[in-house]
Amino acid sequence: MKRKSVIKIGGSLLFTENKDLNVEKIQNFCQIFKKMNYSGSHVIVCGGGLIAREYINTVRSFHGSEALCDTFGIDISRINSRLLISSFGDFAYPLVPKSIEELSLALLFGKIIVMGGLQPGQSTTSVALEVAEFIQAEELVILTDVKGIFNKDPKKFDNAKLFKTLTYNELQEIFIESSGDKQAAAGEYRIFDAVSLQIIKRSKIKIRVMSGKDLKDFEKYWKGDENINCTIISE
Ligand code: UTP
38 MKRKSVIKIG GSLLFTENKD LNVEKIQNFC QIFKKMNYSG SHVIVCGGGL IAREYINTVR
98 SFHGSEALCD TFGIDISRIN SRLLISSFGD FAYPLVPKSI EELSLALLFG KIIVMGGLQP
158 GQSTTSVALE VAEFIQAEEL VILTDVKGIF NKDPKKFDNA KLFKTLTYNE LQEIFIESSG
218 DKQAAAGEYR IFDAVSLQII KRSKIKIRVM SGKDLKDFEK YWKGDENINC TIISE
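To convert a position in the sequence shown, counted from 1, into my numbering, add 37.
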């Protein structure tokens, strides 16, 4: 079957709570793609995770600008991408595209592409949306450390309710309600940032936000099973 997919994997999912690389998780993630090897275009966008935040906080303590902090986040997301590429071996395109032009070249090889950040002022979720828009993906999957989008922080509130579906306008309302000043600082862009909301609205990309913690839901999804816990964002 031919598919066009974009998957964003949050950098936090690549590390254990002790900030060690989660080697088993990385291998399992790549294995899911290797087992069900759909033809088509598949781009994985990798986040920066805890390590990116550590670098960003240190650069900020040196009074580095937010744009400079962002560049550290971008570099770490690219290092994380290289790690995934090395785990994929021959299945993946060997280089990390650093621009949409480089991505268009990489797509010609028909392999899985893994990439990180592109430019300061946004999150890797925005990159994933830019890529989904560019390749005209059927949908974007965002793997994060919770089961989707909740009405309040599920890490703090036991009674937080998972939204099964959200419209673009509902997502925007939630974003506006929950965003404080820190939202737009390097390393602090939440699942969705301002840039990503703009792209969602102009291109009407269908998005699934799901947990990538144990990868069971993602594996079911990748095999075509729709019956999973997640939030679907669409028009
Ligand atoms: P993210 O914050 O998107 O990665 O990128 P993450 O750690 O995976 O986030 P979660 O797990 O989804 O929350 C790391 C940092 O890299 C910079 C930003 O500072 C961002 O916070 N970045 C990333 C950019 O400046 N531009 C990009 O295109 C991507």
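Glycine is no exception: its CB is placed at the ideal position from the N, C-alpha and C atoms.
For leucine 121, the distance from the CB to the nearest heavy atom of the ligand UTP is not below 6 angstroms. A distance of 7 angstroms or more separates the beta carbons of proline 157 and aspartate 230.
Put simply, the backbone Cα of lysine 184 is about 13 angstroms away from that of aspartate 195. The region 117-127 and the region 59-71 touch, with no fewer than 3 CB-CB distances between them shorter than 8 angstroms. Under the DSSP assignment, cysteine 67 falls outside any beta strand (DSSP E), being part of the alpha helix (DSSP H) whose first and last residues are 60-72. The alpha-carbon separation between threonine 181 and glutamate 91 amounts to approximately 19 angstroms. Residue range 39-46 is occupied by the beta strand (DSSP E) that includes lysine 41. Proximity to glutamate 214 across Lys238, Glu225, Leu199 and Lys189 peaks at Lys189, based on C-alpha coordinates. Excluding the 5 residues flanking it on each side, glutamate 256 has same chain C-beta neighbours closer than 7 angstroms at Ile69, in chain order. By the criterion of a C-beta distance shorter than 6 angstroms, valine 232 is surrounded in its chain by Gln159 and Ser163, once the five residues flanking it on both sides are discounted. The beta carbon of glutamate 103 is closer than 7 angstroms to those of Ala222 and Ala223 in its chain, skipping five residues each way along the sequence.
Approximately 5 angstroms separates the beta-carbon atoms of valine 246 and isoleucine 179; this is inside 8 angstroms, confirming the contact.
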